[in-house]
Amino acid sequence: MALTPPVRRLKSRPVTFIFELPTEKLTEFWDGLEKGKVYASKCKKCGQITFPPAADCSGCFNSGPEWVDIQGEGEIETFTHIVIRPASFQSHPTYTVAVVKMNTGVKVLAWLTGAKLSDVKVGAKVKLAAVQSEEGPSYGFTLIE
Ligand SMILES: [Zn+2]
């Protein structure tokens, strides 16, 4: 009979993170969400499309992107259903997050709402759209029947 060592668990003190993220170079993205658009940044020099958008291209370091609306359809590449939620999401019911390759080729990570978990599968078709939540403008996926 093998002996199992006792499991020792340490509990941390509560930790609160508050971030202030500069958004002045991404004003078009945030304004777009309020207007029902989901913009990715597209480098004016090399054409790389980035989402979430970035003011500076990671491929060629060019600044000052143009903006492309990436709403539309895509295919789930992977997903997870979050049951054990972080402290800041305790007021939310359990939720599903998916990584989707959009028809434009860009990959988007976002919540997938309005679907039965048993219907969520790798390869399923979804639609990306801007959404207005109680926390402000955002974006998310819904399954395409
Ligand atoms: Zn570039």
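FYI, in my numbering the residues of the sequence shown are 1269 to 1413.
Note that beta-carbon positions come from the ideal geometry of N, C-alpha and C, so glycine has one too.
| request: Measure the C-alpha to C-alpha separation of Ala-1322 and Phe-1297 and round it to an integer number of angstroms. | output: Stepping through the sequence shown from its first residue, residue 1322 is reached at position 54. Stepping through the sequence shown from its first residue, residue 1297 is reached at position 29. Taking the straight line joining both Cα atoms gives about 10 Å.
| Excluding sequence positions up to five away, which residues of its chain have a Cβ less than 7 Å from the Cβ of Cys-1328? | Translated into the one-based positions of the sequence shown, residue 1328 becomes position 60. The residues are Cys-1311, Lys-1313, Cys-1314.
| When burial is assigned at 16 or more other CB atoms within 10 Å of the CB, is Lys-1375 buried or exposed? | Numbered from 1 along the sequence shown, position 107 holds the residue referred to as residue 1375. Flag for Lys-1375 reads exposed.
| said: Considering only DSSP beta bridges, list what Leu-1278 is partnered with. | reply: In the sequence shown, the residue the question calls residue 1278 occupies position 10. DSSP lists no partner for Leu-1278.
| task | Within its chain, find whatever has a CB closer than 7 Å to the CB of Leu-1289; leave out the 5 residues flanking it on each side and keep chain order. | result | One-based indexing of the sequence shown puts residue 1289 at position 21. Within the same chain, Leu-1289 has no close Cβ partners at all.
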